[in-house]
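Engineer: After the structure tokens below, expect a handful of questions from me.
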Amino acid sequence: MTAFLWAGCGFACASAIMFMALGMSKPRDWKYITFAGAMFFLASYFTLQQAFYNSDSLNFKIEVVRWQVNVALLYHGVFAAFLCLYSGWRPHRFLTWGAGAYLLILFVANWVSPYTLYFTAPPKISTITPIGADTIHLLEAPLNGFVVALFAFGAVTHSWGAYQIRRLQPGKKLVFAALMITLSALGLDLVRDAVGGNWPYSIEFATALLAMLMSLELAIDFRRKETQLARALDTTIHIRDQLNTPLQTLTIGLDLLPAETPEQRSLISRLRASVERLESLGRGLHKSELLKNQKL
Amino acid sequence: MSESLPAVLFVDDDPDLCAVMHDAFLRLGARSCKTLGSLREVQELGGEVHAFDLAVLDINLGPGLPNGVEVFYWLEDQDFKGRVVFLTGHAHDDPRVITAAAITGTLVFSKPVRSEDLRRLLERGAKT
Chain H
116 MTAFLWAGCG FACASAIMFM ALGMSKPRDW KYITFAGAMF FLASYFTLQQ AFYNSDSLNF
176 KIEVVRWQVN VALLYHGVFA AFLCLYSGWR PHRFLTWGAG AYLLILFVAN WVSPYTLYFT
236 APPKISTITP IGADTIHLLE APLNGFVVAL FAFGAVTHSW GAYQIRRLQP GKKLVFAALM
296 ITLSALGLDL VRDAVGGNWP YSIEFATALL AMLMSLELAI DFRRKETQLA RALDTTIHIR
356 DQLNTPLQTL TIGLDLLPAE TPEQRSLISR LRASVERLES LGRGLHKSEL LKNQKL
Chain S
1469 MSESLPAVLF VDDDPDLCAV MHDAFLRLGA RSCKTLGSLR EVQELGGEVH AFDLAVLDIN
1529 LGPGLPNGVE VFYWLEDQDF KGRVVFLTGH AHDDPRVITA AAITGTLVFS KPVRSEDLRR
1589 LLERGAKT
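Chains as they are written, first to last, in my numbering: chain H, 116 to 411; chain S, 1469 to 1596.
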């Protein structure tokens, strides 16, 4: 478990740094920034989970759970925002405020509850050794009602995100599958806590898989957009180049036109101004061309 | 004055531009001006190319067709003694423009050129 959690933490940190760098480059892209934020909270969660599994001190474990719940609330909030940006769905502002208030209530409940948002009574430590893994220490106690609210928020976020992605971006089958796996893991962990199951949590594995697939998808999306942008720029420059020949005809043609009367002179002057404006538009593209040559 | 100015061969695949440039060169005092649209038409001139003092060649003569640089090489093979100027609507990093710019003794002008530029070109052509 320790090795997996370290690996997951390392991957989430790397992903957070990479996507934060992409998102913070001007103009800011909140899709990448929110994903980087979610990855940062996921890395924090993995670190806390490792501390939770390895410690056999009850008070320490309770405090770790409290911090894990806080981090999970932040993760869910930021990940929900990311799913909105990724799927292209814009929620009504009342829904956004409602979700924020819901998470804030859970946050406060987590701080004021003596045994965190998770437990209603003092938990007991149980020690297990999963097959092929090192010994871990878990907590067992009756579940707090608020924890169902926390799982419900995660379940709604993931199922709704999966629905929006399937509806608006049907090509993202892997992302959809990863969201469904995470949703199933949330349900499995809730059942595990409800029945007092004595096995490790599955959400960390599902979330690691989701993070990996989302990172891949975002990286591929970025590359695809870069290619599309380069192609669009090439097409624009090609059109600009094609326009230069009729522009040449107009430039010389205007010089050949007789300007004998004041009306003719006025008309030619206006036409010349328009041609010069067209020329300046073409020159404006030169800047874009230089950017392309610097490989953006 | 007009006796000293050069005879111009203008090659471009756009007939409208050819017609306008023909009139413009004559108005600016060129001794004569012939406009053609492709390498094949230039080749049909044969030895008559030596009658021209200045060749203005558009670099892009249509997709899939020989370009202005190939026209230049044909003229060179014919031992053309006149001045050669390339005209292009493409950017300076276009491979054909790079090739044309690398040829010594020629000039590359970007479209659109103005009448003043053509006048100077004729005067310089006349001095060579």
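Virtual Cβ for every residue (Gly too), placed ideally from N, Cα, C. Everything numeric in this text was worked out from a predicted model, so none of it was measured.
I'd like to check one pair, S/R1551 with S/A1428: are the Cβ atoms closer than 9 Å?
Structural biologist: Outside the displayed span of chain S (1469 to 1596) sits residue 1428 of chain S, for which this structure offers no information.
Engineer: Please decide whether S/S1578 counts as near chain H, where near means a Cβ-Cβ distance under 9 Å.
Structural biologist: In the second sequence, residue 1578 of chain S corresponds to position 110, counting from 1. At a cut-off of 9 Å, the C-beta of S/S1578 has a neighbouring C-beta in chain H.
Engineer: DSSP on S/R1582, reduced to helix/strand/coil?
Structural biologist: As a first step, residue 1582 of chain S is located in the second sequence; it is residue number 114 there, counting from the start. DSSP places S/R1582 in coil when its eight states are reduced to three.
Engineer: Report, in whole angstroms, the separation of the C-beta atoms of H/K146 and H/L188, which I expect to be a contact under 8 Å.
Structural biologist: Taking the first residue of the first sequence as 1, we reach residue 146 of chain H at position 31. Taking the first residue of the first sequence as 1, we reach residue 188 of chain H at position 73. About 21 Å; that fails the 8 Å criterion.
Engineer: Ignore the nearest five residues each way along the sequence and tell me which others in H/L120's own chain have a CB closer than 8 Å to its CB.
Structural biologist: Within the first sequence, numbered from 1, the residue matching residue 120 of chain H stands at position 5. Excluding residues within five positions, the ones whose Cβ falls inside 8 Å are F161, T162, Q164, Q165, Y168 and E319.
Engineer: If I follow the unbroken beta strand (DSSP E) through H/I243, where does it start and stop?
Structural biologist: Taking the first sequence and counting its residues from 1, one reaches residue 243 of chain H at position 128. Per DSSP, H/I243 belongs to the beta strand (DSSP E) from K239 to I243.
Engineer: In the stretch 175 to 236 of chain H, which residue ranges form an unbroken alpha helix (DSSP H) of at least 4 residues, counting only runs that do not cross its ends?
Structural biologist: With a minimum length of 4 residues, the continuous alpha helix (DSSP H) runs that stay inside the stretch 175 to 236 of chain H are 208 to 227.
Engineer: From S/T1556 to S/D1585, what does the alpha carbon distance come to, in whole angstroms?
Structural biologist: Position 88 of the second sequence holds residue 1556 of chain S. Position 117 of the second sequence holds residue 1585 of chain S. So the two alpha carbons sit approximately 14 Å from each other.
Engineer: Since S/R1551 is in the beta strand (DSSP E), which residue starts that stretch and which ends it?
Structural biologist: For this step, residue 1551 of chain S is matched to residue 83 along the second sequence. R1551 to T1556 is the extent of the beta strand (DSSP E) around S/R1551.
Engineer: Within 10 angstroms of the Cβ of H/G123, are there 16 or more other Cβ atoms? Answer buried if so, exposed if not.
Structural biologist: One-based indexing of the first sequence puts residue 123 of chain H at position 8. The residue in question, H/G123, is buried, as its Cβ has 16 or more Cβ neighbours within 10 Å.
Engineer: Could you compute how far the alpha carbon of H/S299 sits from the alpha carbon of H/G260?
Structural biologist: Working through the first sequence from its first residue, we reach residue 299 of chain H at position 184. Working through the first sequence from its first residue, we reach residue 260 of chain H at position 145. Answer to the nearest angstrom: the Cα atoms are 20 Å apart.
Engineer: Please check if any C-beta of chain H sits within less than 9 Å of the C-beta of S/V1581.
Structural biologist: Locating residue 1581 of chain S in the second sequence gives position 113, counting from the first residue. It does; some Cβ of chain H falls within 9 Å.
Engineer: If I follow the unbroken alpha helix (DSSP H) through H/T342, where does it start and stop?
Structural biologist: To locate residue 342 of chain H, count along the first sequence from 1; it is residue 227. For H/T342, the enclosing alpha helix (DSSP H) starts and ends at I318 to L371.
Engineer: Less than 8 Å between the CB atoms is what I'm expecting for H/T272 and H/A195, so what's the real figure, rounded?
Structural biologist: Position 157 of the first sequence, counted from the first residue, corresponds to residue 272 of chain H. Position 80 of the first sequence, counted from the first residue, corresponds to residue 195 of chain H. The pair is a contact, with the Cβ atoms about 5 Å apart (cut-off 8 Å).
Engineer: Name, going along the chain, the residues of the stretch 1556 to 1579 of chain S whose beta-carbon falls closer than 7 Å to a beta-carbon of chain H.
Structural biologist: G1557, H1558, A1559, D1561 and K1579
Engineer: State yes or no: is the beta carbon of S/N1614 nearer than 9 Å to at least one beta carbon in chain H?
Structural biologist: The structure shown does not extend to residue 1614 of chain S, since chain S is modelled only from 1469 through 1596, so no value can be given for it.
Engineer: Does any residue of chain H have a CB that is nearer than 9 Å to the CB of S/A1498?
Structural biologist: Here the question's residue 1498 of chain S lines up with position 30 in the second sequence. Not one chain H Cβ lies under 9 Å of S/A1498.
Engineer: Which chain S residues are close to H/E394, counting only those with a beta carbon under 9 Å from its beta carbon?
Structural biologist: Residue 394 of chain H sits at position 279 when you count from the first residue of the first sequence. Simply P1580.
Engineer: Out of curiosity, what's the CA-to-CA distance linking H/P257 and H/A293?
Structural biologist: For the purposes of this step, residue 257 of chain H is identified with residue 142 of the first sequence, where counting begins at 1. For the purposes of this step, residue 293 of chain H is identified with residue 178 of the first sequence, where counting begins at 1. Between H/P257 and H/A293, the C-alpha separation is close to 30 Å.
Engineer: On the premise that H/L362 lies in contact with H/E394, defined as a C-beta separation below 8 Å, what is that separation, rounded to the nearest angstrom?
Structural biologist: Here residue 394 of chain H refers to the residue found at position 279 when the first sequence is read from its first residue. Here residue 362 of chain H refers to the residue found at position 247 when the first sequence is read from its first residue. Going by Cβ atoms, the distance from H/E394 to H/L362 rounds to 7 Å, so yes, they are a contact pair.
Engineer: With 8 Å as the limit, tell me which residues of the stretch 1482 to 1495 of chain S have their beta carbon closer than that to any beta carbon of chain H; keep them in chain order.
Structural biologist: D1482, D1484, L1485, V1488, M1489, D1491, A1492 and R1495
Engineer: To the nearest angstrom, report how far apart S/I1571 and S/E1538 are at their CA atoms.
Structural biologist: Here residue 1571 of chain S corresponds to residue number 103 of the second sequence, with the count starting at 1. Here residue 1538 of chain S corresponds to residue number 70 of the second sequence, with the count starting at 1. Straight through space, the alpha carbons of S/E1538 and S/I1571 are spaced by roughly 12 Å.
Engineer: To which residues of the same chain is H/S274 closer than 7 Å at the C-beta, ignoring the five residues directly before and after it?
Structural biologist: In the first sequence, counting from the first residue as 1, residue 274 of chain H sits at position 159. Correct list, in chain order: L298.
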